[in-house]
Structures are given as C-alpha cells and as structure tokens.
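In the UniProt record's numbering, the protein residues as written are 1 to 117. Yeah, the Cβ is synthetic: ideal placement off N, Cα and C, and Gly gets one too. A short worksheet on the structure shown next.
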Amino acid sequence: MIAFIDAHYTEDVRQEELVKISRMSSTKLKNLFRQFTGCTITDYLQSKKADHAAHLLADTEMPVEQIAKQVGFGTATGFSTSFRRQSGVSPTEYRKRMRISCMKNPSQAENLCFGET
C-alpha cells in the first residue's frame with residue numbers, strides 16, 4: 001500500500017481506491033496503516049506532497065500554482081493551506097527562507113538548495 005501511494009501521490013488517490021486494492025475493509029485498512037506508519041492515510045499523502053513541493057520550491061523557479069498542480073492539488077489555495085499545515089509556513093515564505101539560508105551558508109548550499117535536505 002505504501003508503495004502504491006508513493007508511486008501515485010501526485011494523482012487523486014482516494015481511500016475507496018486503496019480499499020479496493022488492499023481487499024480490506026476501510027476500517028481495517030485505516031487501522032493497519034496507522035499502526036504501520038504512525039499516521040493516517042490522509043496525513044501520509046499530505047506529507048508526501050509537502051516533501052515533494054519543498055524540493056520544488058527550493059530547487060526551481062516554478063510558480064506556486066504550477067507546483068500545486070505538479071504535486072497533486074487542484075488549486076493553489078488548497079496546496080498553500082496544506083503546505084502551511086505541514087511546514088508551518090506558506091510556500092512563498094518557505095522558498096524565501098531557503099534562499100536566505102543558502103546565501104548565509106554557502107558551504108551548505110548544495111545540501112540545502114539542491115534537493116539533498
């Protein structure tokens with residue numbers, strides 16, 4: 001199940017689809033997923049999307065709206081809300097902080113700013 005989510009998190013993955021694939025009841029799937037990962041399916045999906053977005057924000061000049069679509073959000077507003085919930089800052093603020101961090105710490109710039117966080 002984790003492998004499926006990891007491969008498809010940028011798509012519209014629905015829990016109903018995961019129930020079909022797993023051949024478990026919704027309740028059993030949710031309980032086993034939480035037991036195995038320590039989080040809900042929704043939280044896991046949001047975390048995967050936020051991690052991917054963080055790399056894109058740090059490594060590219062892509063507009064936030066384009067990043068939102070690339071990581072599987074229908075709207076930039078939904079993406080921004082989810083990203084803020086995951087990271088504590090807006091996507092724009094995250095990008096700004098990463099840039100400042102890279103300028104202040106040039107020796108760490110490659111690790112911080114080129115996808116090796």
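Notebook entry, point to check: Should the region 84 to 95 be called in touch with the region 10 to 25, which here means at least 3 C-beta pairs below 8 Å?
Noted result: no
Notebook entry, point to check: Thinking C-beta only, is E65 closer than 8 Å to A76?
Noted result: Within the sequence shown, the letter at position 76 stands for residue 76. Within the sequence shown, the letter at position 65 stands for residue 65. Yes, they are a contact pair.
Checklist line | Simplified DSSP assignment, three categories, for S90 | finding: In the sequence shown, residue 90 corresponds to position 90, counting from 1. If DSSP states are grouped into helix, strand and coil, S90 belongs with coil.
Notebook entry, point to check: Helix, strand or coil: which one does DSSP assign to S25?
Noted result: As a working mapping, residue 25 is identified with position 25 in the sequence shown. S25: coil per DSSP, three-state reduction.
Check: Just how far apart, CA to CA, sit M98 and T81?
Finding: Translated into positions along the sequence shown, residue 98 becomes position 98. Translated into positions along the sequence shown, residue 81 becomes position 81. Spanning the two alpha carbons is a distance of roughly 19 Å.
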